[in-house]
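Numbering (our numbering), first residue to last: 140 to 278.
Structure, rendered in structure tokens:
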């Protein structure tokens, strides 16, 4: 069965999902069993505990993307699907990196580097996939 998309998001009730099982378990202090975390991405370690929410690089990057959504349109950057688009993101990432390295503070250059790397790498995936960035449900 395949999932269908709605305005609220993908419908998951009809989809056959698999629960992956490594076969390895650990027991927490409270006694619950969990899969071992070895080899799984640790997104939780990307958020430094000593940095307040508003100063987190993820928060600042999300704020930059929100400003971009107001200026260009939400997810406008996801339309990028060519090597030329990717090069624009790469050039912008490098320019912002140099501005950050040189201590310029007229913009949030660190957040701009993160965004442009995300956009460049996403565009690289779209190019490699060869579908022009068209979502699977629309193909």
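Where is the CB? At the ideal position from N, CA and C, for every residue including glycine. All of these numbers come straight from a predicted model, not from anything done at the bench.
Query	Result
Option nearest residue 269 by Cα separation, candidates 227, 161, 248 and 220	220
Residue 203 and residue 254 closer than 7 Å at C-beta	yes
Straight-line gap, residue 211 to residue 166 (C-alpha atoms, nearest Å)	48 Å
Residue 195 - DSSP class collapsed to helix/strand/coil	coil
Buried or exposed by the 16-neighbour rule on C-beta atoms within 10 Å, applied to residue 194	exposed
Coarse secondary structure for residue 140, derived from DSSP in three states	Low local confidence applies: a pLDDT of 40 at residue 140 is under 50, so the model's placement there is unreliable, and no value is given.
Per DSSP, the bridge partner or partners of residue 172	166
Element boundaries [alpha helix (DSSP H), containing residue 182]	Residue 182 -> no alpha helix (DSSP H), and no H or E assigned at all.
Alpha helix (DSSP H) segment containing residue 266, residue limits	248 to 268
Residues near residue 160 by beta carbon distance below 8 Å, same chain, minus five either side	174
With 16 other Cβ atoms within 10 Å as the buried cut-off, status of residue 264	exposed
For residue 189, three-class secondary structure by DSSP	coil
Alpha carbon of residue 256 to alpha carbon of residue 200, nearest angstrom	11 Å
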